[in-house]
Amino acid sequence: MMIVGLTGGIGSGKTTIAKWFQSEGIPVYIADKEAKALMNRSKVIKRKLVALFGEDAYKEGKLNREYLASKIFNDKTLLAKMNAIVHPKVASHFNRWLKKQDSPYVIKEAAIIFENNLEYQYNYIITVVADKKLRIERVMKRDNASKEKVESIISNQLSDDEKIKKSHFVINNNKLEEAKAQALSIHQTLLEKSKK
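No gaps in the numbering here: position 162 of the sequence shown is 162 in UniProt numbering, and each next residue is one more.
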């Protein structure tokens, strides 16, 4: 079964595109969502995160996301250590999920495929892009975040140009109807490729 990566910067509309593929009957695994669930559910991850960040990593038994975000935001080493705890667990969870799927291909939506040099895990990669101004507006609205905060997240991510160079397909998600048409064309191509 082919594994297709779906990636893009914050506010590009990855999740919207992921939902479109789901509506076409393609199984979609949202890595960020599953990572958050595992960080709340797995005793092993909890123990290791508390050892790394201290007792404040969890508040009333739930992951203290704001606290963790503030810790890792400007500390690449801490971020790498956290990823080393969480990513292997997400990877094995994905592999168990994959065994249960029966489809020509699956989509794994992950924000940082290229940043973590994980291209080798995918047969094809789709990158979703959108104008920076639009991305900032989307995230400010969605997360109730300041413009400065969103801009600083964007500047910490790999640029769209870099991602496009490394991708097999690109969806421009400034206008939803156009993005869906591009997704449909990619879907048909992938169905063809899965037959070979």
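In this text, a Cβ means the ideal position worked out from N, Cα and C, and glycines have one as well.
Practice prompt. Given a cut-off of 7 Å, decide if Leu-6 and Glu-109 are closer than it, judged by their beta-carbon atoms.
Written response: yes
Worksheet entry | The alpha helix (DSSP H) enclosing Lys-147, as first and last residue numbers | For Lys-147, the uninterrupted alpha helix (DSSP H) segment begins and ends at 147-156.
Practice prompt. Rank Ile-3, Gly-9, Val-4, Met-2 by C-alpha distance to the C-alpha of Leu-134 and give the top, closest one.
Written response: Gly-9
Worksheet item: When the distance is taken between beta carbons, is Leu-63 closer than 7 Å to Met-39?
Response: yes
Worksheet item: Around the C-beta of Ala-18, are 16 or more other C-beta atoms found within 10 angstroms, so that it is buried, or is it exposed?
Response: buried
Discussion item. Let me check understanding here. Comparing Cα to Cα, which of Ile-85, Tyr-105, Pro-88 lies closest to residue 220?
Written reply: The first residue shown for the chain is 1 and the last is 196, placing residue 220 beyond what the model contains.
Worksheet item: What residues in its chain sit with their C-beta under 8 Å from that of Met-140, if we drop five residues either side in the sequence?
Response: Ser-146, Lys-147, Val-150
Item to complete: Ignore the nearest five residues each way along the sequence and tell me which others in Asp-32's own chain have a CB closer than 8 Å to its CB.
Response: The residues are Glu-109, Ala-110, Ala-111.
Item to complete: Decide if Asn-173 is buried, meaning its Cβ has at least 16 other Cβ atoms within 10 Å, or exposed.
Response: buried
Fill in: Identity of the residue in Asn-83, Ile-72, Arg-142, Val-170 nearest Asn-156 by Cα
Ile-72
Worksheet entry | Euclidean distance between Cα positions of His-168 and Asn-144 | Looking at the two C-alpha atoms, the distance is approximately 33 Å.
Worksheet entry | Nearest neighbour of Gly-11, chosen from Thr-127, Ser-194, Glu-178 [CA to CA] | Thr-127
Worksheet item: Considering only C-alpha positions, which residue in the set Ser-103, Asp-131, Ala-80 is nearest to Glu-115?
Response: Ala-80
Worksheet item: Bridge partners of Phe-169, per DSSP?
Response: Ile-126
Worksheet entry | Assigned exposure category for Ala-181 - 16 Cβ within 10 Å defines buried | exposed
Practice prompt. Could you check the C-alpha separation between Lys-14 and Val-50 for me, to the nearest Å?
Written response: 31 Å
Worksheet item: Hey, is Tyr-58 close to the ligand GTP, as in C-beta under 6 Å from one of its heavy atoms?
Response: Ligands displayed in this structure: none; no statement on the ligand GTP is therefore possible.
Practice prompt. Go to Met-1, then tell me how far its beta strand (DSSP E) extends in each direction, as first and last residue.
Written response: That residue, Met-1, is in no beta strand (DSSP E); it is neither H nor E in DSSP.
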